[in-house]
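>
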Amino acid sequence: MIDLGPSTLGGLPATTASPDANGNFWNNFGPGQFVRLVDTGGAATASSDPAGIGFGATTNLGATFVFPPNGLENPDGGILGPFAIASATSDYIFSDAGSPVVGLELSSLDPALQYRFRFFGSRVFDVTQEAQYLVDGGNGVQSVTLVTSGTNIGSDGASFANDNIIAGIRGVTPRANGTIVIELSAAQGSFGYLNLLEVSVDDGAPDVSFTQQPTSQIADAGGTLAFSAVADAEFGAVNIRWQRDGVDLVDDGRIVGSQGETLTITGASLADVGVYTAVATGGGVDVSSDGAVAAVRQSATEFDLNGDGVLDVVDLLLFLNAF
Numbered sequence: 000m001i002d003l004g005p006s007t008l009g010g011l012p013a014t015t016a017s018p019d020a021n022g023n024f025w026n027n028f029g030p031g032q033f034v035r036l037v038d039t040g041g042a043a044t045a046s047s048d049p050a051g052i053g054f055g056a057t058t059n060l061g062a063t064f065v066f067p068p069n070g071l072e073n074p075d076g077g078i079l080g081p082f083a084i085a086s087a088t089s090d091y092i093f094s095d096a097g098s099p100v101v102g103l104e105l106s107s108l109d110p111a112l113q114y115r116f117r118f119f120g121s122r123v124f125d126v127t128q129e130a131q132y133l134v135d136g137g138n139g140v141q142s143v144t145l146v147t148s149g150t151n152i153g154s155d156g157a158s159f160a161n162d163n164i165i166a167g168i169r170g171v172t173p174r175a176n177g178t179i180v181i182e183l184s185a186a187q188g189s190f191g192y193l194n195l196l197e198v199s200v201d202d203g204a205p206d207v208s209f210t211q212q213p214t215s216q217i218a219d220a221g222g223t224l225a226f227s228a229v230a231d232a233e234f235g236a237v238n239i240r241w242q243r244d245g246v247d248l249v250d251d252g253r254i255v256g257s258q259g260e261t262l263t264i265t266g267a268s269l270a271d272v273g274v275y276t277a278v279a280t281g282g283g284v285d286v287s288s289d290g291a292v293a294a295v296r297q298s299a300t301e302f303d304l305n306g307d308g309v310l311d312v313v314d315l316l317l318f319l320n321a322f
């Protein structure tokens, strides 16, 4: 894990001590520096150089900080997990009009491995600022954006700084020379902020898992369909969006909750028949739920598949087995 920002602010140390309160070791990086990275246990990171993976700037990393920094000063460990170290979340590096792109480079990486990146950016600011993090490796370029600042964007709906969203990119292989380049810029607003960065070998494990899957539904014409799903991430917030037959849904008054854990569709019609899935995103990676089938019957006897005069779970199971 890398704490990005100046070594001192206002004459006081601004680095993250190792080990931190969780027992993790950090790397501190600021303008004009080049560091050899250690892992969270304090050992040199595995690389082609015995001293560990290298980390430095390639472009425009000068005195990119302000005082006071106004980053996230009281991170919640229940939300951000190991990222919730105030000395790391409270300061940052940033791009601006004078330095529209800040370039960083990892070196001495193993070309046979894939790497993943988690980005956290935050600053208290009442104007929306959205950072773009671009990663350029041997298998191409990937990018992700993160809203770091803005009115009422905090998890409490009132604060002006990101305190719960972590952006992620994974599956990146190094170039033949063992390097990966990271570029920081502003996608919206004037500034792109980066407070801390986690680099790890990508083991392929999903960032998000579903703890509640949606279940199939039968509704009368004009009735209501309702689906629920719950997902958890290792840390950081999880966003859920709903799809029907692989197409994203949008709230329209009849459809409510297309961007949440519970999707409700009123005035059900044949157009609503299909397979519904919840797509959860945590750390920039999408994971889909099991599919749930929606059926809409046009008469009281339709879908009474066992002919007992009652529409119940037995009929639903018979319906699903027909697919």
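For the sequence shown, numbering that gives the first Met the number 0 begins at 0 and goes up steadily by one. We treat Cβ as the ideally placed atom computed from N, Cα and C, and that holds for glycine.
Residue 15 by DSSP, collapsed to three states: which one?
Stepping through the sequence shown from its first residue, residue 15 is reached at position 16. Here residue 15 sits in coil by DSSP.
> Alpha carbon to alpha carbon, how far is residue 22 from residue 40?
Counting from one through the sequence shown, the residue named residue 22 turns up at place 23. Counting from one through the sequence shown, the residue named residue 40 turns up at place 41. Spanning the two alpha carbons is a distance of roughly 8 Å.
> Might you give, ordered along the chain, the residues of its own chain that have their beta carbon closer than 7 Å to the beta carbon of residue 95, omitting 5 neighbours on each side?
Residue numbering aside, residue 95 sits at position 96 when the sequence shown is read from its first letter. Excluding sequence neighbours, residue 95 sits near 189, 190.
> Please state the DSSP three-state secondary structure of residue 190.
Against the sequence shown, residue 190 aligns to sequence position 191. Three-state result, residue 190: coil.
> Could you check where the beta strand (DSSP E) with residue 57 kicks off and where it finishes?
Translated into positions along the sequence shown, residue 57 becomes position 58. Per DSSP, residue 57 belongs to the beta strand (DSSP E) from 53 to 58.
> What number of angstroms, rounded off, separates the C-alpha of residue 156 from the C-alpha of residue 279?
Within the sequence shown, numbered from 1, the residue matching residue 156 stands at position 157. Within the sequence shown, numbered from 1, the residue matching residue 279 stands at position 280. Looking at the two C-alpha atoms, the distance is approximately 21 Å.
> As an exercise, report each continuous beta strand (DSSP E) stretch of at least 3 residues that is fully enclosed by the segment 83 to 164, in chain order.
The segment 83 to 164 contains these whole beta strand (DSSP E) runs: 92 to 94, 101 to 106, 114 to 119, 128 to 136, 139 to 148.
> Run the CB neighbour count on residue 216, radius 10 Å, all protein chains shown included, and call it buried at 16 or more, exposed below.
Walking along the sequence shown from the start, residue 216 turns up at place 217. Buried, by the Cβ-count rule.
> Scan the segment 228 to 261 and note each continuous alpha helix (DSSP H) run of 4 residues or more that stays entirely inside, going in chain order.
List check, alpha helix (DSSP H) in window: nothing returned.
> Within 10 Å of its beta-carbon, does residue 253 have 16 or more other beta-carbons around it, so buried, or fewer, so exposed?
Residue numbering aside, residue 253 sits at position 254 when the sequence shown is read from its first letter. So residue 253 ends up on the exposed side.
> Where residue 99 and residue 185 are concerned, what is the direct C-alpha to C-alpha distance, given to the nearest angstrom?
Counted from its first residue, the sequence shown places residue 99 at position 100. Counted from its first residue, the sequence shown places residue 185 at position 186. About 7 Å.
> Could you say which of 5, 231, 220 lies nearest to residue 68 if we only look at CA atoms?
Residue mapping note: residue 68 aligns to position 69 of the sequence shown, counting from 1. Of the listed residues, the one whose Cα sits closest to residue 68 is 5.
> So, residue 125 versus residue 212, is the Cβ gap smaller than 7 Å?
What you label residue 125 is simply residue 126 of the sequence shown in a count that begins at 1. What you label residue 212 is simply residue 213 of the sequence shown in a count that begins at 1. In this structure, residue 212 does not lie closer than 7 Å to residue 125 by Cβ.
> Take residue 274 as the anchor and find which of 225, 177, 49 has the nearest alpha-carbon.
Here residue 274 corresponds to residue number 275 of the sequence shown, with the count starting at 1. Per the Cα distances, 225.
> Under a three-way DSSP split, which group does residue 79 fall into?
Numbered from 1 along the sequence shown, position 80 holds the residue referred to as residue 79. DSSP places residue 79 in helix when its eight states are reduced to three.
> Could you give the DSSP three-state label for residue 270: helix, strand or coil?
Residue mapping note: residue 270 aligns to position 271 of the sequence shown, counting from 1. It is helical.
> Counting pairs of beta carbons, one from the segment 170 to 181 and one from the segment 249 to 269, are three or more of them closer than 8 Å?
No, the segment 170 to 181 is not in contact with the segment 249 to 269.
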